[in-house]
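Visitor:
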Amino acid sequence: MIDSGTLALITTLAVLVGGAIGWFFRQYWQYRSVKREASLDANRLLKEQKAQLEEMITKTDDDIRKKELCIKRDEINEELRGLLSVSLRRTLKDAGFPTEEILVLEGRRQLQPEQVIELKEEIEEVESLPPSVSIQELLTLANAYYYAEQYEDAKNLYDKILQLNPNDPVTLNNRGAIYEHMEKYDEALANYNRSLELKPDEPSILNNRGNAYGDLGKYDESLADYNRSLELRPDHPTTLYNRGNTYNELEKYDEALADFNHSLEFRPNDPDTLNNRGVTYAHMKKYDEALANYNRSLELRPNHPDTIYNRGTTYANLERYDESFADFNRSLELRPDDPGTLFNLACLFSLWGKTDNALPYLEKAIHKDKKYREDAKTDEDFDNIRKDPRFKKLIGED
């Protein structure tokens, strides 16, 4: 049993340690703030010097003097590019992206709105300068383009870097990520494969290639890459999340649930993982658990059309038709004329016994995407209205 004196000593030590930790973090963030301000001051000073030089260049008629001034201006441009490159790296680091410059395929969703604005402003500043010849600066800018969703600009820079250094595994991986976003999956795989030849057993590249295999419906190959990535880097929340999605596609819902649960241990407030865990629960017909996950996801990320749509589907399964209609309608406001949502509204009204409401939505869905005509022929949700002549005409059976 701990006596009162020992307990008092432990309490005092805990207060001292807590205070020391608090002091350390205050000092760290103060250092970061001062460093950032110093960088901004240096940027402003260099821009002022550049403006003065450019004015002097336009006013002088002495060719030798003009050449000297141009050389000095080029030196300032080089310093500005270096400062901006550091600033771009800092912005990406603040968003939690890896320091080794390997792209995180799902990274864009990590950026906060204010970080996106800052990133785009910094990109515009870099673009106002003459192009860099530094591979490191080019790579930083290309990655910033990627996270700002300027994929064509990013690809062009990765192509340029690979002309200078064709066997750089990081750039090959990053170009693979760009191809994947452009839905050029064969090109993405070719880049990932070459990258892994040069840098075997790199968990980030294995994770990205696993995503590409999943996009191609090659789920066994996808799982193999995620499994190997997690052997090399256990407990990585993004790879666990990706593997959970693959298990969902394979209808291995217990395994999917285990991965989503594990991922949420490290990122408990990730709205995508919560949404997808909700999907898993819905597949398992655990609708209350599904709703709890969708609701939490929407607290963290309101007005996300996919999550609202998924919740609407779950409400329909629970025969809570009013709430289902509200969610589908809201999803349609956010994503107007989405054929999948139109089709589900038709299903909902059929289940609800409201034929006159169901048919216009089905007609709109078929008009947007002819595949829904075939889907309607076999979907049990339309059993209530299947004998209606108007329904038969819509599906081509009149």
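To convert, note that position 101 of the sequence shown is 507 in our numbering; the numbers rise steadily by one, no gaps. Just so it is clear, CB atoms sit at the ideal spot from N, CA and C, and this is done for glycine as well.
#1: Considering only C-alpha positions, which residue in the set 642, 526, 562 and 566 is nearest to residue 541?
#2: Would you tell me roughly how many angstroms separate the C-alpha atoms of residue 752 and residue 524, rounded to the nearest one?
#3: Taking buried to mean at least 16 other C-beta atoms within 10 Å of its own C-beta, is residue 457 buried or exposed?
#4: Alpha carbon to alpha carbon, what distance is there between residue 695 and residue 583?
#5: Between the C-alpha atoms of residue 668 and residue 763, what's the straight-line distance to the nearest angstrom?
#6: Given this structure, state the Cα-to-Cα distance separating residue 633 from residue 613, to the nearest angstrom.
#7: Provide the residue span of the alpha helix (DSSP H) that contains residue 535, from first to last.
#8: If we count the other Cβ atoms within 10 Å of its Cβ and call it buried at 16 or more, is residue 642 buried or exposed?
#9: Ignore the nearest five residues each way along the sequence and tell me which others in residue 758's own chain have a CB closer than 7 Å to its CB.
#10: May I have the straight-line CA-CA distance separating residue 761 from residue 803, to the nearest angstrom?
#11: Give the range of the alpha helix (DSSP H) segment to which residue 711 is assigned.
#12: May I ask you to check if the CB of residue 546 is nearer than 7 Å to at least one heavy atom of the ligand MN?
#13: If you draw a straight line from the C-alpha of residue 795 to the C-alpha of residue 765, how long is it?
#14: What distance in whole Å lies between the Cβ atoms of residue 688 and residue 720, which are believed to be in contact at a cut-off of 8 Å?
#15: For residue 598, I'd like the list of residues in its chain whose CB is within less than 8 Å of its CB, leaving aside the five on either flank, ordered along the chain.
#16: Leaving out the 5 sequence neighbours to the left and right, which residues in its chain are closer than 7 Å to residue 625 when beta-carbon positions are compared?
#17: Three or more beta-carbon pairs under 8 Å between the segment 702 to 710 and the segment 671 to 686, yes or no?
#18: Between the Cα of residue 645 and the Cα atoms of 620, 658 and 659, which residue gives the shortest distance?
#19: Flag this pair as yes or no: are the beta carbons of residue 650 and residue 660 separated by less than 8 Å?
#20: For a quick check, are the C-beta atoms of residue 670 and residue 686 less than 8 Å apart?
#21: List the endpoints of the continuous alpha helix (DSSP H) containing residue 701.
#22: DSSP on residue 667, reduced to helix/strand/coil?
#23: Taking contact to mean 3 or more Cβ pairs, one atom from each stretch, closer than 8 Å, check whether the segment 741 to 749 and the segment 775 to 795 are in contact.
#24: Excluding sequence positions up to five away, which residues of its chain have a Cβ less than 6 Å from the Cβ of residue 493?
#25: Give a yes or no on whether the C-beta atoms belonging to residue 787 and residue 745 are separated by under 8 Å.
#26: Express the C-alpha separation of residue 548 and residue 482 in angstroms, rounding to a whole number.
#27: Kindly indicate which residue of 467, 536, 684 and 570 has the alpha-carbon position closest to the one of residue 712.
#28: Does the distance from the CB of residue 800 to the CB of residue 768 come in under 8 Å?
#29: Starting from residue 798, trace the alpha helix (DSSP H) both ways and give me its first and last residue.
#30: Could you tell me which of 691, 648 and 640 sits nearest to residue 724, measuring between CA atoms?
#31: Let's test the definition: count the other Cβ atoms within 10 Å of the Cβ of residue 716 and tell me whether it reaches 16, buried, or not, exposed.
#32: Hey, residue 545 and residue 538: beta-carbon distance below 8 Å or not?
#33: Considering only their Cβ atoms, is the gap separating residue 563 from residue 551 smaller than 8 Å?
Guide: A quick look at the data gives this:
#1: 566
#2: 43 Å
#3: exposed
#4: A direct Cα-Cα distance of roughly 34 Å separates residue 583 from residue 695.
#5: 43 Å
#6: 9 Å
#7: It is not in any alpha helix (DSSP H) - residue 535 carries neither H nor E in the DSSP assignment.
#8: buried
#9: Only 727 meet the Cβ criterion.
#10: 17 Å
#11: 711 to 723
#12: The ligand MN is not part of the structure shown, which contains no ligands of any sort.
#13: 11 Å
#14: 5 Å
#15: Hits under 8 Å: 578, 579, 582, 611, 614, 615 and 618.
#16: Closer than 7 Å at Cβ, skipping near neighbours: 652, 655 and 656.
#17: yes
#18: 620
#19: no
#20: no
#21: Taken as a continuous stretch (DSSP letters only), the alpha helix (DSSP H) holding residue 701 covers 693 to 706.
#22: helix
#23: yes
#24: 528
#25: no
#26: Whole-angstrom Cα-Cα distance: 22 Å.
#27: 684
#28: yes
#29: Segment 795 to 800, the alpha helix (DSSP H) holding residue 798.
#30: Of the listed residues, the one whose Cα sits closest to residue 724 is 691.
#31: buried
#32: no
#33: yes
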